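Undergrad: Quick note on numbering: the sequence shown equals residues 15 to 411 in the working numbering.
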Amino acid sequence: MTNTTPSKATRLGLLPRLIIAIILGILIGAYTPETVVRVFVTLSAIFGNFLHFTIPLIIIGFVAPGIGDLGRGSGKILGITVAIAYVSTIFSGTLSYLVDSTIFPSFIEVAAGTAQSPEDALLAPLFVITMPPVMGVMTALLMAFTLGIGMAATNSKVLSDVMHEFQAIIEKLLRSVIIPLLPLLICGTFANMTFAGQVQVLLTTFAKVYCVVIILHVLVILIQYFIACGIAKKSPFRCIATMLPAYMTAIGTQSSAATIPVTLRQTKLNGVSEDIADFVIPLCATIHLSGSTITLTSCAIAVMLMSGMPVSFGIMFPFILMLGVVMVAAPGVPGGAVMAALGVLASMLGFTPDMLALMVALYLAQDSFGTACNITGDGAIAILMDKLVAERKADSQ
Numbered sequence: 015m016t017n018t019t020p021s022k023a024t025r026l027g028l029l030p031r032l033i034i035a036i037i038l039g040i041l042i043g044a045y046t047p048e049t050v051v052r053v054f055v056t057l058s059a060i061f062g063n064f065l066h067f068t069i070p071l072i073i074i075g076f077v078a079p080g081i082g083d084l085g086r087g088s089g090k091i092l093g094i095t096v097a098i099a100y101v102s103t104i105f106s107g108t109l110s111y112l113v114d115s116t117i118f119p120s121f122i123e124v125a126a127g128t129a130q131s132p133e134d135a136l137l138a139p140l141f142v143i144t145m146p147p148v149m150g151v152m153t154a155l156l157m158a159f160t161l162g163i164g165m166a167a168t169n170s171k172v173l174s175d176v177m178h179e180f181q182a183i184i185e186k187l188l189r190s191v192i193i194p195l196l197p198l199l200i201c202g203t204f205a206n207m208t209f210a211g212q213v214q215v216l217l218t219t220f221a222k223v224y225c226v227v228i229i230l231h232v233l234v235i236l237i238q239y240f241i242a243c244g245i246a247k248k249s250p251f252r253c254i255a256t257m258l259p260a261y262m263t264a265i266g267t268q269s270s271a272a273t274i275p276v277t278l279r280q281t282k283l284n285g286v287s288e289d290i291a292d293f294v295i296p297l298c299a300t301i302h303l304s305g306s307t308i309t310l311t312s313c314a315i316a317v318m319l320m321s322g323m324p325v326s327f328g329i330m331f332p333f334i335l336m337l338g339v340v341m342v343a344a345p346g347v348p349g350g351a352v353m354a355a356l357g358v359l360a361s362m363l364g365f366t367p368d369m370l371a372l373m374v375a376l377y378l379a380q381d382s383f384g385t386a387c388n389i390t391g392d393g394a395i396a397i398l399m400d401k402l403v404a405e406r407k408a409d410s411q
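(1) Taking the straight line between their C-alpha atoms, what separation do you get for residue 387 and residue 210?
(2) What residue range does the alpha helix (DSSP H) around residue 339 cover?
(3) How about residue 369 and residue 333: are their beta carbons less than 8 Å apart?
(4) I'd like to know whether the C-beta atoms of residue 203 and residue 371 end up nearer to each other than 8 Å.
(5) My output table needs one value for residue 379: the three-state DSSP class, helix, strand or coil.
(6) Which residue comes first and which comes last in the alpha helix (DSSP H) that contains residue 186?
(7) Pick from 230, 262, 77: whose alpha carbon is nearest that of residue 114?
(8) Could you tell me the alpha carbon to alpha carbon distance between residue 269 and residue 94, rounded to whole angstroms?
(9) Count the other CB atoms, across all protein chains shown, that sit within 10 Å of the CB of residue 168; report buried if there are 16 or more and exposed otherwise.
(10) Ends of the alpha helix (DSSP H) at residue 194?
(11) Any contact of the stretch 303-320 with the stretch 94-108, i.e. 3+ C-beta pairs under 8 Å?
(12) Give the straight-line distance between the Cα atoms of residue 384 and residue 300, rounded to the nearest whole angstrom.
(13) Should residue 352 and residue 319 be called a contact, given that it needs their Cβ atoms to be closer than 8 Å?
(14) Short of 8 Å in beta carbon distance, which residues of its chain neighbour residue 395, apart from the five on each side in sequence? Order them along the chain.
(15) Hey, which unbroken runs of the alpha helix (DSSP H) at 4 residues or more fall wholly within the stretch 38-92?
(16) Tell me the DSSP secondary structure of residue 353 in three-state form.
(17) If distances are taken between C-alpha atoms only, which option among 350, 63, 356 comes closest to residue 198?
(18) Secondary structure at residue 128, three-state DSSP: helix, strand or coil?
(19) By the 10 Å Cβ neighbour count, where 16 or more other Cβ atoms means buried, how is residue 401 classified, buried or exposed?
(20) Cα separation between residue 254 and residue 265?
(21) Would you say residue 208 and residue 104 are within 8 Å of each other, going by their C-beta atoms?
(22) On the DSSP letters alone, give me the boundaries of the alpha helix (DSSP H) that residue 307 sits inside.
(23) If I measure Cβ to Cβ from residue 336 and keep anything under 7 Å in the same chain, skipping five residues before and after, which residues do I get?
(24) Hey, quick one: how far does the alpha helix (DSSP H) through residue 293 stretch, first residue to last?
Below is the structure:
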């Protein structure tokens, strides 16, 4: 007879726990004395500093093995698939910027206008425990690129095994410590913002941002399938309808990796050959993150506008380009993409710990829809690759 305790402990998913944390934070900020709020702010700050310490480790632990693994595969087919996935991801982020920068200022400028510097109204923690990271974010990125490309170029099995074991340690840290404690960070942040009188505007803004993000997800899926099915001479609406079970499964699992079996089955039902589906779908589950890029770009722009920071294409496009790299092989846990992106948010956009906490809350509240967009787009790439490979075989005969 199996032990049922773990399943009971994990019944309450991350999203419900985050919602509870937000509600508790609002209640604490609204109805408790300043000293109590400061206690939660202090706990949140301690965890935030620990999170800042782990960012370089997360980058090295997941980006380096991810790049190294891309060096093994089926030559040109691998290269073409990676290129298509990257272009799709960058296109999604760029489209998100164009839409967000047009729409968001109309309803977020009020939040930015409530104070010259919104952080000035927030309470400071009772004390601070400094946890300096072992290296800077850019150093971690450069090291991850160097190790990953080196492993791929030299086919180093020993270093690859070491990096994958390090990845397993970091993933265990995420699953066992960081992800379970995220509600504490969110609770302290919302308690502080409620005490400062900012939470009403914040929640209203969140709701509007979510509406825009979901619409962008649907739009990108339509574009992906119209392009792929147009080239493959298939019905885009029929193919999208076939992928709906995978879409719904991703909403429930919040993990592209966990959804792979369903994505594979539905992709094959769309007429994709077994060999192509078996190669493209698992690969794209780690490198194609169009939905996550839309969400991260939109949330980043929203937080920047709320904080009175400038937003321009020159600032956001390099960030979008880097997102397509740092999220490679993001851990198969809820919120893996935003955890991998924290370093880029801090280094390229100048996000403070409080802004990073807002990003985590914004992203994780709709993580399942971003994941669903990711895996649905994987099916479109598989349709396109199936057609391209079939044409190459026909030309070679």
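No residue lacks a Cβ here, since even glycine has one placed at the ideal position from N, Cα and C.
The model shown is predicted, which means the values in this text are computed figures rather than measured ones.
TA: The answer reads as follows:
(1) As a working note, residue 387 is residue 373 in the sequence shown. As a working note, residue 210 is residue 196 in the sequence shown. Each residue's Cα considered, the two are about 36 Å apart.
(2) The residue labelled residue 339 in the question sits at position 325 within the sequence shown. Run containing residue 339: 327-340, per the alpha helix (DSSP H) assignment.
(3) Start at 1 with the first residue of the sequence shown, and residue 369 comes out as number 355. Start at 1 with the first residue of the sequence shown, and residue 333 comes out as number 319. No, Cβ-Cβ distance for residue 369 and residue 333 is not below 8 Å.
(4) Mapped onto the sequence shown, residue 203 falls at position 189. Mapped onto the sequence shown, residue 371 falls at position 357. Closer than 8 Å, so yes.
(5) The residue given as residue 379 occupies position 365 in the sequence shown. Coil at residue 379, not helix or strand.
(6) Within the sequence shown, the letter at position 172 stands for residue 186. Segment 171-187, the alpha helix (DSSP H) holding residue 186.
(7) Residue 114 sits at position 100 when you count from the first residue of the sequence shown. Among 230, 262, 77, the Cα nearest to that of residue 114 is on 230.
(8) Position 255 of the sequence shown, counted from the start, is the residue given in the question as residue 269. Position 80 of the sequence shown, counted from the start, is the residue given in the question as residue 94. About 24 Å.
(9) Taking the sequence shown and counting its residues from 1, one reaches residue 168 at position 154. Exposed.
(10) On the sequence shown, position 180 is the one that residue 194 refers to. Start and end: 193-209.
(11) yes
(12) For the purposes of this step, residue 384 is taken as the residue at position 370 of the sequence shown. For the purposes of this step, residue 300 is taken as the residue at position 286 of the sequence shown. Linking residue 384 to residue 300 through their CA atoms gives a straight-line distance of about 14 Å.
(13) As a first step, residue 352 is located in the sequence shown; it is residue number 338 there, counting from the start. As a first step, residue 319 is located in the sequence shown; it is residue number 305 there, counting from the start. Taking 8 Å as the Cβ cut-off, residue 352 and residue 319 do not qualify as a contacting pair.
(14) In the sequence shown, the residue the question calls residue 395 occupies position 381. Once the five neighbours on either side are set aside, the close Cβ partners of residue 395 are 95, 98, 99, 102, 238, 242, 294, 298, 302.
(15) 48-84
(16) As a working note, residue 353 is residue 339 in the sequence shown. Residue state, collapsed to three classes: helix.
(17) Numbered from 1 along the sequence shown, position 184 holds the residue referred to as residue 198. Nearest of 350, 63, 356 to residue 198, Cα basis: 63.
(18) Along the sequence shown, one-based indexing puts residue 128 at 114. In this predicted model, residue 128 has a pLDDT of only 41, less than 50, meaning its place in the structure is not dependable enough to derive any value.
(19) As a working note, residue 401 is residue 387 in the sequence shown. The residue is buried, with at least 16 neighbouring Cβ atoms inside 10 Å.
(20) As a position in the sequence shown, residue 254 is number 240, starting the count at 1. As a position in the sequence shown, residue 265 is number 251, starting the count at 1. Distance between the alpha carbons of residue 254 and residue 265 is about 16 Å.
(21) In the sequence shown, residue 208 corresponds to position 194, counting from 1. In the sequence shown, residue 104 corresponds to position 90, counting from 1. Not closer than 8 Å, so no.
(22) Counting from one through the sequence shown, the residue named residue 307 turns up at place 293. Unbroken alpha helix (DSSP H) run through residue 307: 304-320.
(23) As a working note, residue 336 is residue 322 in the sequence shown. The residues are 358, 362.
(24) For the purposes of this step, residue 293 is taken as the residue at position 279 of the sequence shown. 288-301 is the span of the alpha helix (DSSP H), which, as asked, contains residue 293.
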